[in-house]
Amino acid sequence: INSEYLGFDNEETNFVASKLDRLTNVQIAPQSIELYRELLTEAKNNQIKVIIVGMPVYSAGKVHYEAINDVYKWGYKFDDEFDNVTYLDLFNDSIISNDVSQFANYTHLSKKGAQTVTNKLAELINKDLNSDAREDESIF
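In this text, residue positions in the sequence shown follow the numbering used here: the first is 340, and each later residue adds one.
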């Protein structure tokens with residue numbers, strides 16, 4: 340992995356001290372939902388497994404984004420709707436989300452955070468690929 344592309348530097352800013360003056364409305368356009376469904380259906384028809392990752396957001400920042408939980412719930416909805424889809428929820432991973440050093444700002448990972456998430460995803464995927472565990476223990 341080229342570490343040049345892993346995360347943002349966060350030494351210059353103290354984003355936790357900064358205050359957003361209004362809520363940011365976060366939502367997914369209905370057209371996007373339909374496009375995702377088309378893409379996931381095409382993947383299913385071609386026996387392609389899809390992993391959707393709900394990326395972490397700094398816990399103190401979640402209050403600044405209206406309806407952000409509704410957006411992240413789509414990962415679970417697609418996981419339920421398509422048997423070729425697995426949703427990995429890092430949005431609610433408290434170990435990452437509660438550690439300010441993992442973030443460059445409320446919604447973007449720092450270099451440390453990018454490395455943490457990369458390692459966590461690699462661990463989850465490798466665990467599944469290298470195990471001959473029962474189907475219900477698989478992330479796929």
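Note that the Cβ used here is the ideal one computed from N, Cα and C, for glycine as well.
Under the DSSP assignment, residue 428 falls in the beta strand (DSSP E) whose first and last residues are 424–428.
In the same chain as residue 426, and ignoring 5 residues on each side of it, the C-beta atoms closer than 7 Å to its own belong to 391, 393, 414, 415, 417 and 418, in chain order.
Considering only 445, 450 and 462, the residue with the shortest C-alpha distance to residue 363 is 445. DSSP places residue 469 outside both helix and strand once states are collapsed to three, so it counts as coil.
Boundaries for residue 387: no beta strand (DSSP E) harbours it, and the DSSP string shows neither H nor E there. Every unbroken stretch of the alpha helix (DSSP H) spanning 4 or more residues and falling wholly within the segment 401–456 is given here in chain order: 407–420 and 433–436. Residue 432 is classed as buried because its beta carbon has at least 16 other beta carbons within 10 Å across all chains shown. Cβ-Cβ distances below 7 Å link residue 365 to 404, 405, 406, 407 and 410 in the same chain, with the five nearest sequence neighbours on each side left out; the list follows chain order. Residue 376 holds the alpha-carbon nearest to the alpha-carbon of residue 420 among 376, 469, 369 and 368.
Its Cα nearest to that of residue 401, the residue 430 stands out among 386, 430, 389 and 380.
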